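Q:
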Amino acid sequence: MDLSMRWLADYVDCKCDIKTFCDALTLSGSKVECHTEEGDYLSNVVVGHVVDIVPHPNSDHMFICQIDVGEGEPVQIVTGAQNVHKGDYVPAAKHKSTVLHEGKQVKITKGKLRGEASNGMLCSLEELGLTTHDFPYAIEDGIFILGDDCDKTVGKDIREAIGFNDKIVEFEITSNRPDCMSVIGLAKEAAATFNIPANIKEPTFKGIDGDINEIMSVEIHDPDLCPRYMGGYVKNVKIGPSPRWLRERLRASGVRPINNFVDITNFVMLEYGQPMHAFDLRYVKGAKINIRRAKAGETITTLDGQERTLSEEMLVIADEEKPVAVAGVMGGEYSGIMDDTTAVVFESACFDGASVRTTAKKLGMRTDASARFEKGLDAGNTYPALMRAFELVEMLGCGEVVRTYIDCYPGKKERVGVTYDPAWINGFLGTDIPEAEMTEYLTRLEFRIENGKAYAPYYRIDIENKADLAEEVARLYGYNKIPDTIIRGVAEAKLTRKQRFDRTISEAVRGLGLNEITTFSFISPKYFDKIRLPEDSKLRNTVVISNPLGEDTSVMRTTLLPSVMEVLSRNRKVRNNECYAFELANEYIPVEGEVLPIEPERLCIGMYDAAGKIDFFTVKGIIEQLLDRCGAPAYEVSRPAEDTVFGEVSAFHPGRVAVITAEGREVAIFGELHPETLENYGLDCRAYAAKVNVPELMELCTEQKTYKPLPKFPAVTRDLSLTCDDELAAAVIESTIRSAAGSLLEAVNLFDIYKGKQIAEGKKSLSYSLTLRSHEGTLTVEQADKVMDKVIKALAEKGAEIRS
Amino acid sequence: MKEKLKAIEAAAREKLAKAADLKELDEIRVEYLGKKGAITSILKQMGGLSPEERPVIGQLANSVRADIDEMLRSAQNAIKTKAAAKKLEAERIDVTLPGKSHRLGKAHPLNATLAEVEEVFLGMGFDIVEGPEVETDHYCFEALNMPKHHPARDTQDTFYINENVLLRTQTSSVQIRTMEKMKPPIRIISPGAVYRSDAVDATHSPIFHQIEGLVIDKGITMADLKGTLEMLLKRLYGEETQLRFRPHHFPYTEPSAEVDLMCFNCHGKGCSMCKQEGYVELLGAGMVHPKVLSECGIDPEVYSGFAFGIGLERITMGRYNINDMRLLYENDMRFLNQF
Numbered sequence: 045m046d047l048s049m050r051w052l053a054d055y056v057d058c059k060c061d062i063k064t065f066c067d068a069l070t071l072s073g074s075k076v077e078c079h080t081e082e083g084d085y086l087s088n089v090v091v092g093h094v095v096d097i098v099p100h101p102n103s104d105h106m107f108i109c110q111i112d113v114g115e116g117e118p119v120q121i122v123t124g125a126q127n128v129h130k131g132d133y134v135p136a137a138k139h140k141s142t143v144l145h146e147g148k149q150v151k152i153t154k155g156k157l158r159g160e161a162s163n164g165m166l167c168s169l170e171e172l173g174l175t176t177h178d179f180p181y182a183i184e185d186g187i188f189i190l191g192d193d194c195d196k197t198v199g200k201d202i203r204e205a206i207g208f209n210d211k212i213v214e215f216e217i218t219s220n221r222p223d224c225m226s227v228i229g230l231a232k233e234a235a236a237t238f239n240i241p242a243n244i245k246e247p248t249f250k251g252i253d254g255d256i257n258e259i260m261s262v263e264i265h266d267p268d269l270c271p272r273y274m275g276g277y278v279k280n281v282k283i284g285p286s287p288r289w290l291r292e293r294l295r296a297s298g299v300r301p302i303n304n305f306v307d308i309t310n311f312v313m314l315e316y317g318q319p320m321h322a323f324d325l326r327y328v329k330g331a332k333i334n335i336r337r338a339k340a341g342e343t344i345t346t347l348d349g350q351e352r353t354l355s356e357e358m359l360v361i362a363d364e365e366k367p368v369a370v371a372g373v374m375g376g377e378y379s380g381i382m383d384d385t386t387a388v389v390f391e392s393a394c395f396d397g398a399s400v401r402t403t404a405k406k407l408g409m410r411t412d413a414s415a416r417f418e419k420g421l422d423a424g425n426t427y428p429a430l431m432r433a434f435e436l437v438e439m440l441g442c443g444e445v446v447r448t449y450i451d452c453y454p455g456k457k458e459r460v461g462v463t464y465d466p467a468w469i470n471g472f473l474g475t476d477i478p479e480a481e482m483t484e485y486l487t488r489l490e491f492r493i494e495n496g497k498a499y500a501p502y503y504r505i506d507i508e509n510k511a512d513l514a515e516e517v518a519r520l521y522g523y524n525k526i527p528d529t530i531i532r533g534v535a536e537a538k539l540t541r542k543q544r545f546d547r548t549i550s551e552a553v554r555g556l557g558l559n560e561i562t563t564f565s566f567i568s569p570k571y572f573d574k575i576r577l578p579e580d581s582k583l584r585n586t587v588v589i590s591n592p593l594g595e596d597t598s599v600m601r602t603t604l605l606p607s608v609m610e611v612l613s614r615n616r617k618v619r620n621n622e623c624y625a626f627e628l629a630n631e632y633i634p635v636e637g638e639v640l641p642i643e644p645e646r647l648c649i650g651m652y653d654a655a656g657k658i659d660f661f662t663v664k665g666i667i668e669q670l671l672d673r674c675g676a677p678a679y680e681v682s683r684p685a686e687d688t689v690f691g692e693v694s695a696f697h698p699g700r701v702a703v704i705t706a707e708g709r710e711v712a713i714f715g716e717l718h719p720e721t722l723e724n725y726g727l728d729c730r731a732y733a734a735k736v737n738v739p740e741l742m743e744l745c746t747e748q749k750t751y752k753p754l755p756k757f758p759a760v761t762r763d764l765s766l767t768c769d770d771e772l773a774a775a776v777i778e779s780t781i782r783s784a785a786g787s788l789l790e791a792v793n794l795f796d797i798y799k800g801k802q803i804a805e806g807k808k809s810l811s812y813s814l815t816l817r818s819h820e821g822t823l824t825v826e827q828a829d830k831v832m833d834k835v836i837k838a839l840a841e842k843g844a845e846i847r848s
Numbered sequence: 107m108k109e110k111l112k113a114i115e116a117a118a119r120e121k122l123a124k125a126a127d128l129k130e131l132d133e134i135r136v137e138y139l140g141k142k143g144a145i146t147s148i149l150k151q152m153g154g155l156s157p158e159e160r161p162v163i164g165q166l167a168n169s170v171r172a173d174i175d176e177m178l179r180s181a182q183n184a185i186k187t188k189a190a191a192k193k194l195e196a197e198r199i200d201v202t203l204p205g206k207s208h209r210l211g212k213a214h215p216l217n218a219t220l221a222e223v224e225e226v227f228l229g230m231g232f233d234i235v236e237g238p239e240v241e242t243d244h245y246c247f248e249a250l251n252m253p254k255h256h257p258a259r260d261t262q263d264t265f266y267i268n269e270n271v272l273l274r275t276q277t278s279s280v281q282i283r284t285m286e287k288m289k290p291p292i293r294i295i296s297p298g299a300v301y302r303s304d305a306v307d308a309t310h311s312p313i314f315h316q317i318e319g320l321v322i323d324k325g326i327t328m329a330d331l332k333g334t335l336e337m338l339l340k341r342l343y344g345e346e347t348q349l350r351f352r353p354h355h356f357p358y359t360e361p362s363a364e365v366d367l368m369c370f371n372c373h374g375k376g377c378s379m380c381k382q383e384g385y386v387e388l389l390g391a392g393m394v395h396p397k398v399l400s401e402c403g404i405d406p407e408v409y410s411g412f413a414f415g416i417g418l419e420r421i422t423m424g425r426y427n428i429n430d431m432r433l434l435y436e437n438d439m440r441f442l443n444q445f
């Protein structure tokens, strides 16, 4: 809402500078966005009087003017305009002035034009930043010749002389206060804020005799959508431009002046916050106005020339046959005011907010009127608005108002009071404001206090309960005067197991050298192809956004992997030589028959190092360390099965991927990425990834750590070298060693793998170091030998032979 | 014999003074103190002495042995010290060479900031509660006093899955879920991702993060709300932090407030950093609307409460002087490594 300070001054005199005004209104609840001044880009432009004008000796289209700018001697200015005559009053930009040129501020200095001195410039409307809407008598491409509605004092600042110096304050009006989307509403707020009177009089008009009912009739068919409809009639209408004071108030409010009747409706809307509509009764067939729901498929061509198809939930203003306006949104093309209009109907009505909102949205035309109606205006406002329109017609002398008017008011409501309990308000706010002071605040805001109840003025649609009253009191008392206190009582807060687990994971993974990333949780469905998901992958079943910003962000991710891959890709694109990243975030999995998807938390790791410093076992090491830190139970590392729970398996190198299974549940997958995946993401080096199902893992882990006594007796270390088939997995050998060695085995460590010379083709050699220890006494050689014999025998059964 | 012993001692002293390493010292030791050494051979000749001379010479021989032994030891120490010093000297390195890097991952700046905010609230007795991001219209809007067609919905451009399901535009939905489940007293914060259909630019993102707080109990006042936020923001921004509360409107709170932070640059006078306002808008807050309480089965005649919502991006960007929100989601390692 742009407020003209000149207009505001018609009603209140705040007696303060603009900054104080803005701060005070902001703190009492009407937030000021900014304030500006009209024509502030103009400087040193004054009213000039053309005392002489002669043709330029060296040009067939230029003139040399002698302009009196109030400085004694006239100044010589050359102009190319053809519409300047001796005796005219013109805007003269003097030497070292600024004006507008093609929308930008430019500096004017003296110079020579074809040999003749020119000490400035005569200005057109455009160079002042105005149009012929602001001064209808001016011509478009010529110098602006000041009319009688301007101050012609020679040398006077042009902005002052033509009334182009209003200050404008832009307010952010919240949706609960449509009454403040008006000059009167803000005048009342300003008056209450500064505790000064608001000089607002009820509009009055004389009118002429005549019975409105003989001229037109109104019927509300759907009172649920139209609680009140007022109509008035003006005859002997003279369409023409509005006077300057009215035009400049519209301009300052961001509305373009059109003609007196259209201007009056806009003026009243801006002043009272009540949208008005003026139409030519000639085009209302049968002079009967019906307010009804549209018929399905009915069409209307609106004022903007577009044909629109209506549907049954929309409310229209119709004559006997057809809609002439979409109620509260826009008038029809043929019902508007024409130059030859002689009789005008003013409509001042109230329409249901939700209905107007839905209609405007469906038709895709949000107008000044609909923006006000949709917030839910009070029907009480239609009366003063219509009276003000009548008053303005008489002030402008542009028609004769028929004294009687139509007022259909099926939706009249009793005003209900709100319990006014000053003690409760103080208790709620934490303040100690005396009752008299509270009452005074409410009275300033035009509340009526009666029998323990507060009655809000009709335009305050937002006052419904005690808390609303508390806010009224608080905002005039001053939010910043309310004390700052500490909440009473003690509360104990602690992290949940999940929150602790998340922190553990995040800290561990960071400690292992990975940077935490944050990515968007919606992705493109095409990303599934990039990670090579099969067509029938369950991960392709997504939560789809019906109104996405673009395809790239149109489905909720069912796997974190593509998000992490995008990060690897982007880092490689900017030539980062390494990227170690992880994200701990949600996936969104639709569940058949459920309204909402599930949102399981996942850890996803992605990394590459162009220098080749990492491999499969780096990522495996990270996962192992993480599991250890999390307190995971014993687990198995194996190649993923056909039916692995990790649909992302297709993104990995088939020979270099593994899953972690603990207590029968797969909790993690990790490995090297498939060359095609790398290619799809423009990665020119090997990259690795892992995904951990966090809640599943948490269920298996224990936070409990128990101390085991340190060993009292020395350990015996035995090394073991064996050869076996290449295909025999290290994990099998290790588990064979463990089960054969039994409880005396403390640790087993693979320290060498060898293939090549001295080892047969298809075989490998593995060397282990076994640590044996007893907690009962020092192990004897015999005891150790016995264990080793068992191990060797068991290994032999698996096809692993001891190398001598 | 006396003279002999004296001569032995003098000779040993001379040799020791010349000895350069431990091996030479050992040779000297054997020569004089060994089983076949000079002292031993003297002692062996003791039998030929008179009973009067014997103890005198014996004593002298022992004293000479002790002296040589002592000399040996100190020579040994001197040589060791010298060798050690030489070794240390040889091992001198250029300490300005770069360190061997151990990779240490960094927390994302958003999460680092969140962790700090959470810590403040845990200290004030607030539990941390999470909830779904894909949410029903009921929890995101209706229960928050924003029925269908409510004009305030306009300010929260929403991504819809279908008519009834959407991506939450605020984490207040979690507060509703909490109020339905828990009875007062309630003290929670609900951090998390929220969604609004804004195109990506330096100050907008279709996904951003909020931390919303909720306190419900008997006798909770607006002054408590002010005190709580004052404490939080002073912890986050320092003791000199100055706040400004001004009236605003949210459908789910009444009274509602927006809280501004006095511009650190100009201290409220107005400058280019705060767009001449002197204050920077920081968060929204208010007393929980009685309708919202009733909707969740909490009697507004008995209980009252406050709620607030902070944008995590805004605080984070302010803390680290980040001028473009996109940096937070691009995850360039050169950016992340800075935190």
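Line by line, the protein sequences are chains G and Z.
My numbering applies: residue 45 is where the first sequence begins, and numbers increase by one.
My numbering applies: residue 107 is where the second sequence begins, and numbers increase by one.
Glycine residues also receive a C-beta, built at the ideal position from the N, C-alpha and C atoms.
For clarity, every value in this text was computed on a predicted model and none was experimentally measured.
(1) Where in the stretch 559 to 595 of chain G do unbroken runs of the alpha helix (DSSP H), each at least 4 residues long, occur, reported from the N-terminal end onward?
(2) With a CB to CB cut of under 6 angstroms and the five nearest residues on each side skipped, what residues in its chain are close to Ala861(G)?
(3) Are there 16 or more other CB atoms within 10 angstroms of the CB of His373(Z), so buried, or fewer, so exposed?
(4) Quick check: what's the CA-CA separation for Asp173(Z) versus Gln165(Z)?
(5) Is there a Cβ from chain G that is less than 8 angstroms from the Cβ of Met328(Z)?
(6) Please report the residue range of the alpha helix (DSSP H) in which Ala113(Z) lies.
(7) In chain order, which beta strand (DSSP E) runs of at least 3 residues are fully inside the stretch 89 to 124 of chain G?
(8) Figure out for me which residue from Ser278(Z), Cys246(Z) and Gln262(Z) has the closest Cα to the Cα of Asn270(Z).
(9) Just list the alpha helix (DSSP H) runs in the stretch 647 to 718 of chain G, keeping only unbroken ones of 4 residues or longer that don't cross its boundaries, in chain order.
(10) What's the gap between the Cα of Leu354(G) and the Cα of Gly317(G)?
(11) Which residues in the same chain have their Cβ closer than 6 angstroms to the Cβ of Tyr798(G), if we skip the five residues on either side of it in sequence?
(12) Contact defined as beta carbons within less than 8 angstroms: I believe Ile228(G) pairs with Ile244(G). What is the distance between those atoms, to the nearest angstrom?
(13) DSSP state of Met328(Z), grouped into three classes?
(14) Could you say which of Thr385(G), Val328(G) and Gly397(G) lies nearest to Lys366(G) if we only look at CA atoms?
(15) If we ignore side chains and look at the alpha-carbon of each, how far apart do Ile134(Z) and Lys121(Z) end up?
(16) Could you give the distance in angstroms between the alpha-carbon of Glu171(G) and the alpha-carbon of Pro118(G)?
(17) Since Phe452(Z) and Pro215(Z) are thought to touch, with beta carbons under 8 angstroms apart, how far apart are those beta carbons, to the nearest angstrom?
(18) Rounded C-beta distance between Arg576(G) and Glu720(G)? I'm assuming under 8 angstroms.
(19) When you compare only the Cα positions, how much space is there between Leu149(Z) and Arg198(Z)?
(20) To which residues of the same chain is Leu131(Z) closer than 8 angstroms at the C-beta, ignoring the five residues directly before and after it?
(21) Across the stretch 620 to 639 of chain G and the stretch 517 to 525 of chain G, are there enough close Cβ pairs to call them in contact, namely three or more that are closer than 8 angstroms?
(22) Buried or exposed for Ser400(Z), going by 16 or more other Cβ atoms inside 10 Å?
(23) Is the beta carbon of Gly415(Z) sitting closer than 8 angstroms to the one on Gln316(Z)?
(24) For the putative contact between Tyr273(G) and Ala393(G), defined by C-beta atoms under 8 angstroms, what is the C-beta separation to the nearest angstrom?
(25) Using a Cβ-Cβ cut-off of 8 angstroms, state whether Pro161(Z) counts as contacting chain G.
(26) Hey, could you find the ends of the beta strand (DSSP E) Leu788(G) is sitting in?
(27) Counting only Cβ-Cβ distances shorter than 9 angstroms, please list the residues of the stretch 659 to 670 of chain G near chain Z, keeping chain order.
(28) Which of the three DSSP states is assigned to Phe65(G) in this structure?
A: With the given structure in hand:
(1) If we require 4 residues or more, the alpha helix (DSSP H) runs fully inside the stretch 559 to 595 of chain G come out as 571 to 574.
(2) Outside the shown range of chain G, which is 45 to 848, sits residue 861(G), and nothing can be said about it.
(3) Residue environment for His373(Z): exposed (fewer than 16 other C-beta atoms within 10 angstroms of its C-beta).
(4) One C-alpha to the other measures close to 12 angstroms.
(5) With 8 angstroms as the cut-off, Met328(Z) counts as an interface residue toward chain G.
(6) Counting along the chain, the alpha helix (DSSP H) containing Ala113(Z) begins and ends at Lys108 to Lys124.
(7) List check, beta strand (DSSP E) in window: 107 to 112 and 119 to 123.
(8) Nearest C-alpha to Asn270(Z): Cys246(Z).
(9) If we require 4 residues or more, the alpha helix (DSSP H) runs fully inside the stretch 647 to 718 of chain G come out as 660 to 674.
(10) The alpha-carbon atoms of Leu354(G) and Gly317(G) are separated by roughly 27 angstroms.
(11) Leaving aside the five residues that flank Tyr798(G) on each side, the residues in its chain whose CB is nearer than 6 angstroms to its CB run, in chain order, Ser809.
(12) That pair is a contact at about 6 angstroms.
(13) Looking at Met328(Z) - three-state DSSP - the assignment turns out to be helix.
(14) The residue from Thr385(G), Val328(G) and Gly397(G) with its alpha-carbon nearest to that of Lys366(G) is Val328(G).
(15) About 7 angstroms.
(16) If you draw a straight line from the Cα of Glu171(G) to the Cα of Pro118(G), it comes to about 22 angstroms.
(17) Here chain Z has residues from 107 to 445 only, and residue 452(Z) is not among them.
(18) About 6 angstroms separates the two Cβ atoms, so the contact holds.
(19) When rounded, the distance between both Cα atoms is 50 angstroms.
(20) Leu122, Ala125, Leu178, Ala181, Gln182 and Ile185, listed in sequence order.
(21) The stretch 620 to 639 of chain G is not in contact with the stretch 517 to 525 of chain G.
(22) Exposed, by the Cβ-count rule.
(23) Yes, the pair counts as a contact, with Cβ atoms nearer than the cut-off.
(24) In this structure, Tyr273(G) and Ala393(G) form a Cβ contact; the two beta carbons are roughly 4 angstroms apart against a cut-off of 8 angstroms.
(25) No, its Cβ sits nowhere closer than 8 angstroms to a Cβ of chain G.
(26) No beta strand (DSSP E) contains Leu788(G), which DSSP labels as neither H nor E.
(27) So nothing in the stretch comes that close.
(28) Phe65(G): helix per DSSP, three-state reduction.
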